[in-house]
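These notes concern the structure reproduced below.
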Amino acid sequence: MRRPILFGNWKLNHRHKDLTAFTAEFKSLMSSREPECDFGFAPVATLLSEATRSFKGSGASIAAQDIHSFASGAFTGTISAEHAVDAGAQFVIIGHSERRAYFAEDDTSVNAKVRRALSVGLTPIVCVGEPLSIRDAGGHEKFVKSQVTSALQDLSSDEASTIVIAYEPVWAIGTGKSATPEMAQEMHAAIRETLSSLFGRSAAEKVRIQYGGSVKASNAAELMAMPDIDGALVGGASLRADSFVAILDALN
Ligand code: PEP
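Position in the sequence shown counted from 1, then plus 2, gives you the working numbering.
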């Protein structure tokens, strides 16, 4: 039985004052709840340490939105896996489609970052997903299987079993247009099959596969009811404590 996992990706949103207000409301909403799942937030890098302090006691984990594939060196403007750990992060989002589209992230760098994250004990949330043109042409399954295979190259079965994958069709991110539960389930099952062929059935059954793309309280429960959907990565609806908690409620 896989424990569901819900993460909010705050992207380039929320400043220090917003974090303070968010955590106060979040803690108050959570005081009457005991969700049977893992959950957390990915704030901007400058807020990682403060978020770690501020969410303490709420049950939330903290994720970095990205890391560099090197531990240190002349790489202006980024953070390493070690910096993320120092700031209290336990997870890191890797290969988000916005990183791939705007920051030249490719399958090779995604794989290097996944391996770096694992080497310092960070759990990678590896994002994959097809653009609309690929889906319209019927190549979505092949495209996503290839992203998964590249991202996880050279991992052992034990390592692979600990990661989280987020299937996020690019056309569903921030558009209000979610994949149907059936469409998402079909892809999640294909991803699990790919994991099984790469790492064996037992490892594949342990990997948690989140769906991401316009998830909100009104569609979360039907998505989560699918057998291979183990949680969600949420952008817009994670920016308010009440809408994130409403999704948490729908997961349970
Ligand atoms: C995301 O950015 O990972 C995402 C899923 O965004 P949204 O929920 O806003 O579609």
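Glycine residues also receive a C-beta, built at the ideal position from the N, C-alpha and C atoms.
Worksheet item: For Gly-214, which beta-bridge partners are listed by DSSP?
Response: Leu-235
Fill in: Which residues DSSP lists as bridging Ala-168, in chain order
Cys-129, Gln-212
Worksheet item: When burial is assigned at 16 or more other CB atoms within 10 Å of the CB, is Ser-158 buried or exposed?
Response: exposed
Discussion item. Given a cut-off of 7 Å on the beta-carbon distance, is the pair Leu-2 and Ser-51 in contact?
Written reply: Only positions 3 to 254 of the chain appear in this structure, which leaves residue 2 out of reach.
Item to complete: Would you mind reading off the limits of the beta strand (DSSP E) that contains Ser-63?
Response: 63-66
Worksheet item: Looking at C-alpha atoms only, which residue of Glu-195, Val-172, Glu-143, Thr-196 is the closest neighbour of Ala-103?
Response: Val-172
Worksheet item: From this set, Phe-201, Ala-162, Gly-214, which residue's C-alpha is nearest Met-185's C-alpha?
Response: Gly-214
Worksheet item: Rounded to a whole number of angstroms, what is the C-alpha to C-alpha distance between Gly-233 and Gln-212?
Response: 5 Å
Fill in: Three CB pairs or more closer than 8 Å across the segment 94-109 and the segment 56-69
yes
Practice prompt. Determine, using beta-carbon pairs with one atom in the segment 218-231 and one in the segment 141-154, whether at least three such pairs fall under 8 Å.
Written response: no
Discussion item. Do Val-128 and Val-146 count as a contact pair if the criterion is CB distance below 7 Å?
Written reply: no
Discussion item. In whole angstroms, give me the CA-to-CA distance for Glu-161 and Glu-207.
Written reply: 13 Å
Worksheet item: Is the segment 24-41 close to the segment 68-76, with three or more CB pairs under 8 Å?
Response: no
Discussion item. Using 7 Å as the threshold, is the C-beta distance between Phe-9 and Gly-59 below it?
Written reply: no
Discussion item. Using only CA atoms, which one of Val-209, Arg-242, His-142 lies nearest to Arg-258?
Written reply: With the chain covering 3 to 254 only, the question about residue 258 has no answer from this structure.
Fill in: Where Asp-108 falls: helix, strand or coil (DSSP)
coil
Item to complete: Return the chain-ordered ranges of every beta strand (DSSP E) run that is complete within the segment 29-55 and spans a minimum of 3 residues.
Response: 40-44
Worksheet item: Span of the beta strand (DSSP E) holding Asn-11?
Response: 7-11
Practice prompt. Note down the Cα distance separating Ala-219 from Glu-195, rounded to an integer number of angstroms.
Written response: 29 Å
Worksheet item: What residue from Ser-198, Glu-170, Phe-77 has the CA that sits closest to Gln-187's CA?
Response: Glu-170
Practice prompt. Quick one: give me the first and last residue of the alpha helix (DSSP H) that Val-150 is part of.
Written response: 142-153
Discussion item. What residue range does the alpha helix (DSSP H) around Val-122 cover?
Written reply: Careful: Val-122 lies outside any alpha helix (DSSP H) and carries neither H nor E.
Fill in: For Ile-96, the first and last residue of its enclosing alpha helix (DSSP H)
Careful: Ile-96 lies outside any alpha helix (DSSP H), inside the beta strand (DSSP E) at 93-96.
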